[in-house]
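Counting from 5, one number per residue, gives the positions in the sequence shown under the working numbering.
Shown next, in C-alpha cells, is the structure this report addresses.
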Amino acid sequence: GLEGVVSKLADSPYVAARGGNWLKIKCIKRQEFVIVGWTPSDKVRAFRSLILGVHDGGKLRFAGKVGTGFDTAELFRLMKIMAPLEQKAATVEAPRAEVRGAHWLRPKLVAEIAFTEMTNEGTLRHPSYLGLREDKKAAAVVLETERRTAKLTAAPANTIAISNRDRVIYPESNITKGQLADHYAAVAEIMLPWVGSRPISLVRCPQGRAKKCFFQKHDAGSFGDKVHHVSIMEKDGHEEPYLYVDDADGLMTCVQMGTIELHGWGARIEDVEKADRLVFDLDFKAVRAAAFQFRDILKSLGLTTFPMLTGGKGVHVIAPLTPQAEWPQVKDFAHRLAQAVAQSDPSHFTAALSKA
C-alpha cells in the first residue's frame, strides 16, 4: 500500500534540499488491542513495552509490542492497573526473543494503538500507545480488516455535442471551450448536487471572456429541452421562468451555449421560498483563517458547514439548512450574524460591501 503523502507549501520554490516547506505525512491506522503482558525496563521507567494481542479466527494471538506514546504519569498509572491482573502462564504464544522476561496478564485491558501497517507475521509496525479503552471489553477486540469505503464511478454520461471546441474562452490562460466542457463533464457528478434542481444564474461568454459576457437567469427558449424552467413570482406579482438543470446533459447544454459560470440559488425548485443553505462569502487576504473562524462560530450555533472555493481567492462558508424558514428570516439571521462577527473583530471583518 501507499506509505503516505508528500506535501509542499504552495508558494515555496522547488529546491533540491530538505526543508520545512516539504512534509511527508504517513498514513496512520488505529485499532484496539488487548494488553496481554508487559516487558520490564532496564531504565528508571516503569516498564519497557506492552505486549499486545488480538482475537483472530476465534483465538487470541500475539500482535506485537508497543513502547512509545506514554508519559511518566501514564506509565505508573498502567502499572497500578495491571498489577492485580498478573498471571504466571503465558497469555499468548509469541517468539521467545520478543517476550523475554515478560509479565503476563489476564486479558482484561484494551488499549487503542496507532500504527503504520501490519506485517506479514501479524505484528504492528511503528506502533504508538494512544490510551486505554475502558469502554470496550477485551473479548470484543477482533482483527479489523480494511475495505474500500468509496467506489469510483464514471462521470455521468452526457449526449451533448460541443461545437467550436478550439475557441479560446480564457485568453489569459489559453483555455478553450472544449477544455472547459471537458472540465464540467468531469466534475458534473460532484457539482450537480449543489447547482442542480435549483434556480441558477448563468454567466455566458459565447465569444470568450475577451468579448461581451452577460448574466442570464430567465428562460428565453433557446436552451432546448435539456435545460428546464421553474416559474417564480416577482415582486410586482407577475411570474418569470427561471432556469435550472437536473442532469449532466443540462449542465453541458449550458456550456455549449457559452456558459462559463453557474450560480445556484440557496433554495431548491420544490420550494424556492424556503432557504436550504446559508452562505457567507469571504474574500480577502486572511480568507483561510476567516473561513475557519466562521466555521467555529456556526458550529457553536449547531450548524455544520463546508467550504466552497469561488474563483481566485474567495471562499463560501456554506451551512446546509432544513428548508423551513422563509427568506426574510434567514436573511435577517445571516445579516445579524455577519454584523456581530464584524463588530467583535473589526480589524479583520467588515459587513459592508465596498463599491468600486
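Glycine included, every Cβ here is placed at the ideal spot set by N, Cα and C.
None of the values given here were measured: they were computed from a predicted structure.
Item checked: Nearest candidate by alpha-carbon position, reference tyrosine 374, set Lys278, Pro311, Lys230, Lys239 -> An answer regarding residue 374 cannot be provided, because it is not within the stretch 5 to 360 covered by the chain.
Next item on the list: Identify whether arginine 213 lies in helix, strand or coil by the three-state DSSP scheme.
Entry: Shown here, arginine 213 sits in coil according to DSSP, grouped into three states, outside any helix or strand.
Next item on the list: Report the option in Pro17, Asn168, Val58, Leu82 whose CA atom is closest to the CA atom of glutamate 97.
Entry: Of the listed residues, the one whose Cα sits closest to glutamate 97 is Val58.
Next item on the list: Would you mind working out which of Lys215, His222, Gly228, Lys33 sits nearest methionine 237, comparing C-alpha positions?
Entry: Per the Cα distances, His222.
Check: Under the three-state reduction of DSSP, which class applies to aspartate 60: helix, strand or coil?
Finding: Aspartate 60: strand per DSSP, three-state reduction.
Check: Distance, Cα to Cα, aspartate 349 vs glycine 200?
Finding: Going by the C-alpha atoms only, they are around 36 Å apart.
Item checked: Helix, strand or coil at tryptophan 269 according to DSSP, with G and I counted as helix -> Reduced to three states, the DSSP call for tryptophan 269 is coil.
Notebook entry, point to check: Which term fits proline 203, buried or exposed, when burial requires 16 or more other beta carbons within 10 angstroms of its beta carbon?
Noted result: Buried, by the Cβ-count rule.
Item checked: Separation of cysteine 209 from alanine 360, as counted between CA atoms -> For alanine 360, the predicted structure reports a pLDDT of 45, less than 50, and the residue's modelled location is therefore unreliable. A value from the coordinates is still provided. So the alpha carbons of these two residues sit roughly 23 Å apart.
Note to self: Since valine 291 and glycine 270 should fall inside the 8 Å C-beta cutoff, what is the C-beta to C-beta distance between them, to a whole number of angstroms?
What the structure shows: Between valine 291 and glycine 270, the beta carbon gap of about 21 Å keeps them out of contact (Cβ cut-off 8 Å).
Check: Using DSSP with H/G/I as helix, E/B as strand and the rest coil, what is glutamine 35?
Finding: For glutamine 35, the secondary structure class from DSSP, reduced to helix, strand or coil, is strand.
Notebook entry, point to check: Under the rule that 16 or more other beta-carbon atoms within 10 Å means buried, what is threonine 263, buried or exposed?
Noted result: Buried, since its Cβ has 16 or more Cβ neighbours within 10 Å.
Next item on the list: Please state if the CB of glycine 8 and the CB of lysine 33 are separated by a distance shorter than 8 Å.
Entry: The beta carbons of lysine 33 and glycine 8 sit no closer together than 8 Å.
Checklist line | For threonine 149, the nearest candidate out of Ile85, Tyr246, Gln35, Trp198 (CA to CA) | finding: It is Gln35 whose Cα lies nearest to the Cα of threonine 149.
Item checked: Residue range of the unbroken alpha helix (DSSP H) whose run includes arginine 340 -> Where arginine 340 is concerned, the enclosing alpha helix (DSSP H) stretches over 331-348.
Next item on the list: Give a yes or no on contact between the region 69-83 and the region 125-141, applying the rule of three or more CB pairs nearer than 8 Å.
Entry: The region 69-83 is in contact with the region 125-141.
Next item on the list: With a 10 Å radius around its C-beta and 16 neighbouring C-beta atoms as the bar for buried, classify methionine 256 as buried or exposed.
Entry: Note on methionine 256: 16 or more other CB atoms within 10 angstroms of its CB, so buried under the neighbour-count rule.
Next item on the list: Could you check what DSSP says for alanine 323 in three-state terms: helix, strand or coil?
Entry: Assignment of alanine 323 by DSSP, reduced to helix, strand and coil, places it in the strand class.
Note to self: Please list the terminal residues of the continuous beta strand (DSSP E) segment that includes leucine 286.
What the structure shows: Residues 281-286.
Check: Does the region 40-57 come close enough to the region 108-128 to have 3 or more Cβ pairs within less than 8 Å?
Finding: Contact between the region 40-57 and the region 108-128 is established, with three or more Cβ pairs separated by less than 8 Å.
Item checked: Reduced DSSP secondary structure (H/G/I, E/B, other) of valine 259 -> Reduced to three states, the DSSP call for valine 259 is helix.
Notebook entry, point to check: Which of the three DSSP states, helix, strand or coil, is assigned to glycine 24?
Noted result: DSSP, read as helix, strand or coil, puts glycine 24 in coil.
Checklist line | Neighbourhood of lysine 181 by C-beta distance below 6 Å, restricted to the same chain and skipping five residues each side | finding: The answer, listed in chain order, is Asn168, Arg169, Arg171, Ile173.
Note to self: Please give the ranges of any beta strand (DSSP E) in the region 67-145, keeping only runs that are unbroken, at least 3 residues long and fully inside the region.
What the structure shows: Listed in chain order, the beta strand (DSSP E) runs fully inside the region 67-145 are 107-119, 132-136, counting runs of at least 3 residues.
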